[in-house]
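Undergrad: Input: one structure, supplied below.
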Amino acid sequence: MERFAKTAKLALGEIFTKYGLNDATTMLGLREEDKTIPLKNLTIETAICWQALLKILQHTESYELDAYMVDLTAFGNYIKTFADTPTLCKYIRQLAYDPSMTRDMLLKMYFQSMMQVLLEIV
Numbered sequence: 000m001e002r003f004a005k006t007a008k009l010a011l012g013e014i015f016t017k018y019g020l021n022d023a024t025t026m027l028g029l030r031e032e033d034k035t036i037p038l039k040n041l042t043i044e045t046a047i048c049w050q051a052l053l054k055i056l057q058h059t060e061s062y063e064l065d066a067y068m069v070d071l072t073a074f075g076n077y078i079k080t081f082a083d084t085p086t087l088c089k090y091i092r093q094l095a096y097d098p099s100m101t102r103d104m105l106l107k108m109y110f111q112s113m114m115q116v117l118l119e120i121v
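Each residue of the sequence shown is one higher than the one before, starting from 0 at the first, in numbering that gives the first Met the number 0.
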C-alpha cells in the first residue's frame, strides 16, 4: 500500500502541476464550506489525491494554500466522524454488507489505510 501511495502522489503531483489546481479540486469534489471531501465520496484514492494536492499547495503561494487548507478543528471533527461511522463511505458500506469470508480483514485494512492517509494530511 505504501508503494502505491508514494507512486500515486508523485504522479498526481505532476498531473496537478501540469493541469492546474482547479481541475484537481473539481475532480475531488471539495466542499467550499469546509474544504473537505464529503464522506460518502471518500475512497482511498480520493484521500491520496487530496493529500497530494495539499502537498503541492505547500510549495505555492500562501493564498492558494489558504483557499484549500482545512481548518484543524473542522478536520478533527471530520476524522472523528469517519472513525465513528466509517460506513458513511460508500465503498466501506459495500464491504460491510459483502457476505464473503474475507470481508472483515479487507474492511479493516481499507479503513486503516484511509485513516492513515487522513492523519497524514494533518
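Note that CB positions come from ideal geometry on N, CA and C, so glycine has one too. Remember, it's a predicted structure, so these values are computed and weren't measured experimentally.
Would T80 and L71 qualify as a contact pair, given that the criterion is a beta-carbon distance under 9 Å?
TA: no
Undergrad: K39 and K89 look like a contact to me (Cβ under 8 Å); what is the Cβ gap, rounded to whole Å?
TA: About 6 Å; that satisfies the 8 Å criterion.
Undergrad: Buried or exposed: where does V116 fall if 16 or more other Cβ atoms within 10 Å of its Cβ makes it buried?
TA: Buried, by the Cβ-count rule.
Undergrad: Can you give me the C-alpha to C-alpha distance between V121 and A82, rounded to a whole angstrom?
TA: 15 Å
Undergrad: Would you say I36 and A23 are within 9 Å of each other, going by their C-beta atoms?
TA: no
Undergrad: In terms of alpha-carbon separation, which member of Q93, L27, L53, E63 lies closest to L118?
TA: L53
Undergrad: Taking only the alpha-carbon atoms, compute the straight-line gap between M26 and L105 and give it to the nearest angstrom.
TA: 26 Å
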